[in-house]
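Remember, the working numbering sits 13 above the position in the sequence shown when you count from 1.
Yeah, the Cβ is synthetic: ideal placement off N, Cα and C, and Gly gets one too.
Written below as structure tokens is the structure these notes are about.
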Amino acid sequence: MSRGLVPSNQEIWKLIQGYFGGNIQIVPYIQEIFLLECHIAGTSYQDLEAVEPDLNIGDALLFRREPDNAHDPLAVAIYDRQERKLGYLPRAKNEVPARLMDAGKLLFGKLEAKEWVGKWLKITIRVFMKDM
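Right, here's the structure in full:
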């Protein structure tokens with residue numbers, strides 16, 4: 014993992030710009046700040062059998078806050094590039110990312126690994142913040 018400036022990943026920026034309606038300025042060099050690694054919680058509640066073949070290591074993942082979530086007011090939902098819901102950041106690890114997102118920081122994920130464990134799709138991700 015680089016500790017200096019890294020070139021912007023154009024694929025991630027296009028995905029993010031589409032999500033925010035193109036209101037994000039592309040910066041040629043930015044810092045991607047690694048925050049944490051975890052699995053996606055709640056994948057067993059999603060129908061991921063059709064989605065799993067489209068998920069590739071290194072894929073960008075979108076995060077959306079769900080402050081009105083009845084089970085967790087700090088919920089951060091995770092979506093693939095086709096905006097299909099995969100699950101959530103685990104409750105034990107979502108407070109800091111949720112607070113950062115509430116403060117206007119841009120967070121995203123990258124798919125690190127996936128494997129079927131019985132009928133459960135275990136998806137490991139890394140969470141990053143874009144420092145602009």
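Enclosing beta strand (DSSP E) for residue i [first to last residue]
i: Lys27; result: Taken as a continuous stretch (DSSP letters only), Lys27 belongs to no beta strand (DSSP E), being part of the alpha helix (DSSP H) at 23 to 32.
i: Val130; result: 119 to 130
Start-to-end residues for the alpha helix (DSSP H) that takes in residue i
i: Glu111; result: Glu is not the amino acid found at residue 111; the sequence shown has Ala there. From DSSP, the alpha helix (DSSP H) with Ala111 extends over 108 to 115.
Pair within 8 Å by beta-carbon distance, residue i and residue j
i: Leu28; j: Leu75; result: yes
i: Asn45; j: Phe141; result: Correcting the residue identity first, residue 45 is Glu in this sequence and not Asn. Yes.
i: Ile70; j: Glu125; result: yes
i: Lys143; j: Lys135; result: no
Three-state secondary structure (DSSP) of residue i
i: Ala105; result: helix
i: Asp67; result: helix
Own chain, CB closer than 6 Å to residue i, minus 5 neighbours either side, in chain order
i: Arg104; result: Asp85
Nearest-angstrom Cβ-Cβ length linking residue i and residue j, presumed shorter than 8 Å
i: Ala54; j: Leu102; result: 7 Å
Cβ neighbours of residue i in the same chain (closer than 7 Å, five flanking residues each side left out)
i: Ala111; result: Arg78, Leu87, Val89
i: Arg94; result: Leu28, Asp72, Ala73
Cut-off 8 Å between Cβ atoms - residues of its own chain near residue i, not counting five sequence neighbours on either side
i: Lys123; result: Gly71, Asp72, Ala73, Leu74, Ile138, Arg139, Phe141
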